[in-house]
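As structure tokens, the structure follows; a few thoughts come after it.
Number of protein chains: 2
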Amino acid sequence: MPKDKTPLKLVEPRVDAETRIHDDHHLSVRLWLRMLACTNRVESFVRQNLQANFTTTLPRFDLMAQLERAVQGLKMSELSQRMMVTGGNVTGITDGLEKEGLVVRETDPADRRVFRVKLTPEGQRQFRRMAAEHEQWVIGLFESMSMKHKNQLVELLGELKRHISRPPAE
Amino acid sequence: MPKDKTPLKLVEPRVDAETRIHDDHHLSVRLWLRMLACTNRVESFVRQNLQANFTTTLPRFDLMAQLERAVQGLKMSELSQRMMVTGGNVTGITDGLEKEGLVVRETDPADRRVFRVKLTPEGQRQFRRMAAEHEQWVIGLFESMSMKHKNQLVELLGELKRHISRPPAE
DNA sequence: AACGAATAATTGACACTTGAAGTAACTGGC
DNA sequence: GCCAGTTACTTCAAGTGTCAATTATTCGTT
Numbered sequence: 188m189p190k191d192k193t194p195l196k197l198v199e200p201r202v203d204a205e206t207r208i209h210d211d212h213h214l215s216v217r218l219w220l221r222m223l224a225c226t227n228r229v230e231s232f233v234r235q236n237l238q239a240n241f242t243t244t245l246p247r248f249d250l251m252a253q254l255e256r257a258v259q260g261l262k263m264s265e266l267s268q269r270m271m272v273t274g275g276n277v278t279g280i281t282d283g284l285e286k287e288g289l290v291v292r293e294t295d296p297a298d299r300r301v302f303r304v305k306l307t308p309e310g311q312r313q314f315r316r317m318a319a320e321h322e323q324w325v326i327g328l329f330e331s332m333s334m335k336h337k338n339q340l341v342e343l344l345g346e347l348k349r350h351i352s353r354p355p356a357e
Numbered sequence: 188m189p190k191d192k193t194p195l196k197l198v199e200p201r202v203d204a205e206t207r208i209h210d211d212h213h214l215s216v217r218l219w220l221r222m223l224a225c226t227n228r229v230e231s232f233v234r235q236n237l238q239a240n241f242t243t244t245l246p247r248f249d250l251m252a253q254l255e256r257a258v259q260g261l262k263m264s265e266l267s268q269r270m271m272v273t274g275g276n277v278t279g280i281t282d283g284l285e286k287e288g289l290v291v292r293e294t295d296p297a298d299r300r301v302f303r304v305k306l307t308p309e310g311q312r313q314f315r316r317m318a319a320e321h322e323q324w325v326i327g328l329f330e331s332m333s334m335k336h337k338n339q340l341v342e343l344l345g346e347l348k349r350h351i352s353r354p355p356a357e
């Protein structure tokens, strides 16, 4: 497109608005990258500790955590939803835990398609030990931040979560 | 420990402190879970869009993003550090991108152990298209949150990042 | 110059994750 | 009762990720 011939001293009128928009763009991406960095740091820390202290993994811990408060067990599909992963994934993790005797698949008499997955007593024992330490790891990581700032973060992240939890409906 | 005999109206002195500690524990874990939920939401959204619109993945996008502003290329180990993943992982992702002609490994005459990985012109072209859309996705997700709150979040996450970026020494 | 230690990258084994395709079981309308 | 459609779960292939072991190269000391 041809350049307009403009008087030498004319400043573009849209600069302010564009600048603000540009900043906002940058801001959103920066926010995203920073949040990602924090999450990765904590996650990898927890992961390493689970591996080193209990020879287990975050997904396994997560699955057991979902089961802990579900006395009557959870269906594979419920686990899938709560862990926010696909069904095929849950199958594999459950296989592993079952092989180690930490969970069991029980058939549901009312619907033979369904399994109810439950923690075994052994699984409960092990999970409780892990959960206690897990809490300490997280607390330790965050301890140098003031409660005031932590509270602010929880608030703001709560707001963010509400904003992003449903896709910007067309 | 033996209870002190105290006048009836005296309230136990440690209750406040204990309560605060207990709240703090809860607070840290809540903060962690909430941050994780937000990150997962954004990440899976970006992932799906990259797959659907460009038949590519987040790690590939991430690697190309690291290369974009490094005209002279990056060593495998530098990529590994910046992407916060292990070296073996970088090898695999680079293999894939090189096979598709989006990056190249160039040998370094000064040190024959290292590769300098660079974007090809084709890789640059594709990355720029992806980056533009990526930015729109993130902006879209976050658009309903005020700039003020976004700024506060960036600030607080920056502080959190500093606190957790080095393990609580010794 | 030569050797041991450190560094750069790759490889292989194993685990997690997704998406698509497959199997078995249930449901509702005819 | 049948059968099309849905639901629950599994299986498989490909990509991502870690760790430990290996190879090749460089560096520092002697």
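If you read the sequences in order, they're chains A and B.
Mapping of the first sequence onto this note's numbering: residues 188 to 357, in sequence order.
Mapping of the second sequence onto this note's numbering: residues 188 to 357, in sequence order.
Note that beta-carbon positions come from the ideal geometry of N, C-alpha and C, so glycine has one too.
A contact is defined here as three or more CB-CB pairs under 8 Å, and the segment 307 to 327 of chain B meets this definition with respect to the segment 229 to 247 of chain B.
For ARG303 (chain B), the enclosing beta strand (DSSP E) starts and ends at 302 to 306. Going by beta carbons, GLU255 (chain B) and PHE302 (chain B) fall outside the 7 Å limit. Counting along the chain, GLU330 (chain A) sits inside no beta strand (DSSP E), nor does DSSP assign it H or E at all. Residues of the segment 333 to 346 of chain B with a C-beta less than 8 Å from any C-beta of chain A: MET334, HIS336, LYS337, ASN338, GLN339, LEU340, VAL341, LEU343, LEU344, GLY345 and GLU346, listed in chain order. Note that the C-beta distance between ASP249 (chain B) and MET270 (chain B) is below 7 Å. Taking 8 Å as the cut-off between beta carbons, the residues of the segment 268 to 288 of chain B near chain A are MET271, in sequence order.
In the three-state scheme derived from DSSP, where H, G and I count as helix and E and B as strand, THR273 (chain B) is classed as coil. Cβ neighbours of PHE241 (chain B) within its own chain (closer than 6 Å, five residues either side excluded): MET317. The Cβ of GLU322 (chain B) sits closer than 7 Å to at least one Cβ of chain A.
Among the residues of chain B, those whose CB is under 7 Å from the CB of VAL229 (chain A) are TRP219 and ILE351, following chain order. Straight-line measurement puts the Cα of GLN268 (chain A) at about 32 Å from the Cα of MET334 (chain B).
Three or more beta-carbon pairs separated by less than 8 Å are not found between the segment 276 to 287 of chain B and the segment 219 to 226 of chain B, which leaves the two stretches without contact. Here VAL291 (chain B) carries a strand assignment [DSSP, helix/strand/coil]. The Cβ atoms of LEU261 (chain A) and VAL304 (chain A) lie closer than 7 Å to each other. For VAL325 (chain A), the chain B residues whose Cβ falls inside 7 Å of its Cβ are SER215, VAL216 and TRP219, in order along the chain.
Any Cβ of chain B closer than 7 Å to the Cβ of SER331 (chain A) would place that residue at the interface, and such an atom is present.
Buried is the label assigned to GLN253 (chain A), since at least 16 other Cβ atoms lie within 10 Å of its Cβ. Residues of the same chain with a CB within less than 8 Å of the CB of GLU309 (chain B), apart from the 5 flanking positions on each side, are GLY288 and LEU289 in chain order. Burial state of HIS321 (chain B) is buried, judged by a 10 Å Cβ sphere holding 16 or more other Cβ atoms.
Taking 7 Å as the cut-off, the Cβ atoms of HIS336 (chain A) and LEU343 (chain B) count as close. With fewer than 16 other beta carbons inside 10 angstroms of its own, SER331 (chain A) counts as exposed. No Cβ-Cβ contact shorter than 7 Å links VAL272 (chain A) with MET263 (chain A).
Counting only Cβ-Cβ distances below 7 Å, THR226 (chain B) has contacts in chain A at MET222, LEU223 and THR226, in chain order. Taking the Cβ atoms as the reference, LEU214 (chain A) lies roughly 7 Å from VAL341 (chain B), within the contact range of under 8 Å.
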